[in-house]
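Add 1033 to the 1-based position in the sequence shown for our numbering, that's all there is to it.
Glycine included, C-beta positions come from ideal geometry on N, C-alpha and C.
Data block below; observations after.
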Amino acid sequence: MRKFGLGLGLVLALGGWLLAGSWGCSDTQPSGEPADMTVQDLRPIIRDLAPSAVITVQDDYYSPQEVTIPVGGKVRWVFRAASQHGVFPWDMGFPYSPTQAQGTFENTFNQAGTFDYGCAIHGRGMPGRVIVK
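Shown next, in the form of structure tokens:
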């Protein structure tokens, strides 16, 4: 019995399609069952893991202050500050974050619109905006 394989976890990008699977040539699996090929579309998994935008929360400012993302996109705020800050939407168009100096907060925006926010502690003196198109 001769076996040749490329191994598990092989990822290919073909014409914009992301595929993962195990490909190889063999007569049988170690169990004696015939070999098969499994292909899975990874786009939903990658979309769920990777944010559309990352905003750093510094002392007294967001960087960048404004981002534009697609409907269904995710924003991740990364807190890198010496003092406590938060993400507080003025129109309550999305959930607010806990106040923190270090850590992360994420939100997925499923509706188009402009979402203005500021720091829960520093108010409108620390503005931010998410535009969803």
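- Around the Cβ of V1072, a 10 Å sphere holds fewer than 16 other Cβ atoms; the residue is exposed.
- Taking I1154 as reference, the option from G1105, V1163, P1122, G1146 with the minimal CA-CA separation is P1122.
- Excluding its 5 nearest sequence neighbours in each direction, T1137 has C-beta neighbours in its own chain below 8 angstroms: R1109, W1110, V1111, F1112, listed in chain order.
- Judged by their CB atoms, V1120 and A1145 are not nearer to each other than the 8 angstroms cut-off.
- If you draw a straight line from the Cα of S1130 to the Cα of D1124, it is about 14 angstroms long.
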